[in-house]
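Using the UniProt record's numbering, the first residue of the sequence shown is number 1, and each one after it goes up by one.
We treat Cβ as the ideally placed atom computed from N, Cα and C, and that holds for glycine.
Structure first, commentary second.
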Amino acid sequence: VSDIANEDEKVVLIFGDISVYLFKDFFELYPDRFYNIGICENTLISVAAGLSSQGFHPFVHSINPFITERSYEQIKLDMCYNQFGGNIVTIGASFDYASLGATHHCYNDLAMLRLLPFTEITQPGSKKELKELIRTQYNNGKTTYFRLSDHSHSLDIDVEFGK
Numbered sequence: 001v002s003d004i005a006n007e008d009e010k011v012v013l014i015f016g017d018i019s020v021y022l023f024k025d026f027f028e029l030y031p032d033r034f035y036n037i038g039i040c041e042n043t044l045i046s047v048a049a050g051l052s053s054q055g056f057h058p059f060v061h062s063i064n065p066f067i068t069e070r071s072y073e074q075i076k077l078d079m080c081y082n083q084f085g086g087n088i089v090t091i092g093a094s095f096d097y098a099s100l101g102a103t104h105h106c107y108n109d110l111a112m113l114r115l116l117p118f119t120e121i122t123q124p125g126s127k128k129e130l131k132e133l134i135r136t137q138y139n140n141g142k143t144t145y146f147r148l149s150d151h152s153h154s155l156d157i158d159v160e161f162g163k
């Protein structure tokens, strides 16, 4: 995301009090485009929608069920129905965090989000795939969901959205 932010000053990151250390470089380079909202998932989505309405390209990041299940109505109403583009990047797909209990399980997200208009869903299988998909989809004007898992493959293949 830092590479894209270097080229596009409208890229902003919005976090739910997790993974801040992963984006230390982004924060140091662009502190005015980095928002740690805290454990307020519904607010994360509403802030992203508001920023999108002003021409920004928001990236929302949190643990999967906290965004896709708890904030489903905000995604539907604030982002999709208003056709505000934005990027939702989650970690903890399906049972990745099974040891943390049922509140961290998320196996319905793909089915739920497919029901929403103006939404694109990606499930990259490697860091390379994620980087390619983000580069081509981040500013497409739609709500784009990037579902990340703890498990990845090591194949060196190029990917293209929709293929």
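What is the rounded straight-line gap between the Cα of residue i and the Cα of residue j?
| i | j | result |
| --- | --- | --- |
| Y138 | P58 | 8 angstroms |
| F27 | N6 | 12 angstroms |
| P117 | S52 | 16 angstroms |
| I88 | T143 | 7 angstroms |
| V47 | Q74 | 10 angstroms |
| D25 | P31 | 10 angstroms |
| Q54 | I18 | 25 angstroms |
Give me the residue from the options with the minimum Cα distance to residue i.
| i | options | result |
| --- | --- | --- |
| I39 | N82, I157, R70 | R70 |
| L22 | E132, S2, E41 | S2 |
| L130 | S149, N108, L113 | S149 |
| N64 | Q83, Y81, M112 | M112 |
| R114 | C80, S154, S62, V20 | C80 |
| V20 | S62, I4, Q54 | S62 |
| S154 | Y107, Q83, K127, G162 | K127 |
| L110 | N82, R33, Y72 | Y72 |
Considering just the uninterrupted stretch of the beta strand (DSSP E) at residue i, what are its terminal residues?
| i | result |
| --- | --- |
| I18 | Careful: I18 lies outside any beta strand (DSSP E) and carries neither H nor E. |
| G86 | 86–91 |
| N36 | 34–36 |
| I39 | Element bounds for I39: n/a, residue is neither H nor E. |
| F59 | 57–63 |
Please state whether the Cβ-Cβ distance between residue i and residue j is less than 8 angstroms.
| i | j | result |
| --- | --- | --- |
| N140 | E120 | yes |
| G92 | V60 | no |
| F15 | E41 | no |
| L44 | I37 | yes |
| V12 | Y35 | yes |
| T122 | T90 | no |
| F146 | I157 | no |
| G125 | S99 | no |
| A49 | D8 | no |
Confirm the yes/no value for this check: CB of residue i, any heavy atom of the ligand NAP, distance under 7 angstroms.
| i | result |
| --- | --- |
| F146 | Judged by which ligands are present, the structure shown has none, so any question about the ligand NAP falls away. |
Where do the ends of the alpha helix (DSSP H) carrying residue i lie?
| i | result |
| --- | --- |
| S71 | No alpha helix (DSSP H) contains S71, which DSSP labels as neither H nor E. |
| D8 | First-last for D8: undefined, no H or E at that position. |
| F118 | That residue, F118, is in no alpha helix (DSSP H); it is neither H nor E in DSSP. |
| R26 | Reading off the sequence, residue 26 comes out as Phe, not Arg. It spans 24–29 - the alpha helix (DSSP H) in which F26 sits, taken as one unbroken run. |
*What residue ranges within the segment 123–157 form continuous alpha helix (DSSP H) runs of no fewer than 4 residues, ordered along the chain?*
The segment 123–157 contains these whole alpha helix (DSSP H) runs: 127–137.
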